[in-house]
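Chemist:
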Amino acid sequence: MDAWKTRSNNRQQLAISLICLIAGAVLAVSLHDYGPSGSNRQAGFLLGVVLLALGGATLAAGGTQSVVVDPQQRLIRIEDHRLIGERRQTIAIADIRDIQVGCLQTRAKHALRYFLQLTLADGQSHILFAPERDFPGASDPKIVAGWKERLDRLREDPAAHASPTPATTA
Numbered sequence: 298m299d300a301w302k303t304r305s306n307n308r309q310q311l312a313i314s315l316i317c318l319i320a321g322a323v324l325a326v327s328l329h330d331y332g333p334s335g336s337n338r339q340a341g342f343l344l345g346v347v348l349l350a351l352g353g354a355t356l357a358a359g360g361t362q363s364v365v366v367d368p369q370q371r372l373i374r375i376e377d378h379r380l381i382g383e384r385r386q387t388i389a390i391a392d393i394r395d396i397q398v399g400c401l402q403t404r405a406k407h408a409l410r411y412f413l414q415l416t417l418a419d420g421q422s423h424i425l426f427a428p429e430r431d432f433p434g435a436s437d438p439k440i441v442a443g444w445k446e447r448l449d450r451l452r453e454d455p456a457a458h459a460s461p462t463p464a465t466t467a
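For the sequence shown, this note's numbering assigns the number 298 to the initial residue and increments by one for each residue that follows.
1) Between Leu343 and Leu318, is the Cβ-Cβ spacing less than 8 Å?
2) If distances are taken between C-alpha atoms only, which option among Leu451, Gly353, Lys302 comes closest to Ile393?
3) For Pro428, collect the residues of the same chain with a Cβ closer than 6 Å to its Cβ; drop the 5 residues on either side in sequence, then sort them by chain order.
4) Quick one: what's got a C-beta closer than 7 Å to Asp377's C-beta in the same chain, skipping five residues either side?
5) Quick check on the DSSP output: what are the complete beta strand (DSSP E) runs of length 3 or more inside the region 390 to 432, in order along the chain?
6) State yes or no: is the C-beta of Arg308 nearer than 7 Å to some heavy atom of the ligand ZN?
7) Helix or strand or just coil, what does DSSP make of Arg385?
8) Just verifying my parser: in three-state terms, what is the DSSP assignment at Arg371?
9) Let me check understanding here. Comparing Cα to Cα, which of Ile388, Leu315, Leu380, Leu351 lies closest to Asp419?
10) With the cut-off set at 8 Å, would you say Arg447 and Trp301 are in Cβ contact?
11) Would you call the CB atoms of Gly341 and Leu351 closer than 8 Å?
12) Please classify Leu469 as buried or exposed, where buried requires at least 16 neighbouring CB atoms within 10 angstroms.
13) Checking 8 Å against the spacing of the C-beta atoms, do Ser305 and Leu356 come in under that value?
Written as structure tokens, this is what we have:
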């Protein structure tokens with residue numbers, strides 16, 4: 298079985314960040330001399346400053362996430378690439394105790410994104426394909442259920458997916 302690789306798409310978050318930065322800059326620059334306290338111009342200026350701060354924070358904190366499930370090495374590698382740094386994490390498939398499909402939904406019970414909730418042997422919980430990231434297929438419950446089935450098969454039958462031992466020479 299080949300390695301299964303997927304990467305989140307941050308274009309939507311990047312676009313929202315840039316819109317906030319541009320709108321905030323326009324408001325802050327055009328209304329920087331806001332006049333008397335409590336005026337509409339002052340409120341517009343402060344809204345611009347808030348939009349600038351939000352746009353900058355989401356731009357700095359946002360980024361892409363790569364998930365690689367390697368059946369040969371029996372590992373899941375997660376890499377977060379952000380403007381302010383990167384983080385790498387490795388989870389051994391043998392350390393996964395339980396896998397559940399979770400969903401992020403609205404108050405009206407409309408599902409927005411699905412993800413996998415991993416419970417590890419040490420009791421820790423880890424979210425795979427996080428809902429705040431835009432992974433291809435994360436809005437389709439059938440695709441996410443397929444992700445769960447693939448991981449369940451890897452967990453249940455380690456011998457079927459183990460890499461062959463290299464031949465030794467005497």
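Even for Gly, the Cβ is constructed at its ideal location relative to N, Cα and C. Remember, it's a predicted structure, so these values are computed and weren't measured experimentally.
Modeler: Walking through what the data contain:
1) Here residue 343 refers to the residue found at position 46 of the sequence shown. Here residue 318 refers to the residue found at position 21 of the sequence shown. No, the Cβ-Cβ distance between Leu343 and Leu318 is not below 8 Å.
2) In the sequence shown, residue 393 corresponds to position 96, counting from 1. Looking at the Cα atoms, Leu451 is the closest of the given residues.
3) On the sequence shown, position 131 is the one that residue 428 refers to. Within the same chain, Pro428 has close Cβ partners Leu401, Arg410, Phe412.
4) In the sequence shown, counting from the first residue as 1, residue 377 sits at position 80. Within the same chain, Asp377 has close Cβ partners Gly360, Gln362, Glu383, Arg384.
5) 393 to 402, 408 to 417, 422 to 425
6) Ligands in the displayed structure: none, and consequently the ligand ZN is not present.
7) Translated into the one-based positions of the sequence shown, residue 385 becomes position 88. Correct three-state label for Arg385: strand.
8) Working through the sequence shown from its first residue, we reach residue 371 at position 74. In the structure shown, Arg371 sits in coil (DSSP, three-state: anything other than H, G, I, E or B).
9) Here the question's residue 419 lines up with position 122 in the sequence shown. Cα-wise, what sits closest to Asp419 is Ile388.
10) Stepping through the sequence shown from its first residue, residue 447 is reached at position 150. Stepping through the sequence shown from its first residue, residue 301 is reached at position 4. Cβ atoms of Arg447 and Trp301: closer than 8 Å.
11) Here residue 341 refers to the residue found at position 44 when the sequence shown is read from its first residue. Here residue 351 refers to the residue found at position 54 when the sequence shown is read from its first residue. No, Cβ-Cβ distance for Gly341 and Leu351 is not below 8 Å.
12) Residue 469 lies beyond the range of the chain shown here (298 to 467); nothing can be said about it.
13) Translated into the one-based positions of the sequence shown, residue 305 becomes position 8. Translated into the one-based positions of the sequence shown, residue 356 becomes position 59. Not a contact, by the Cβ cut-off of 8 Å.
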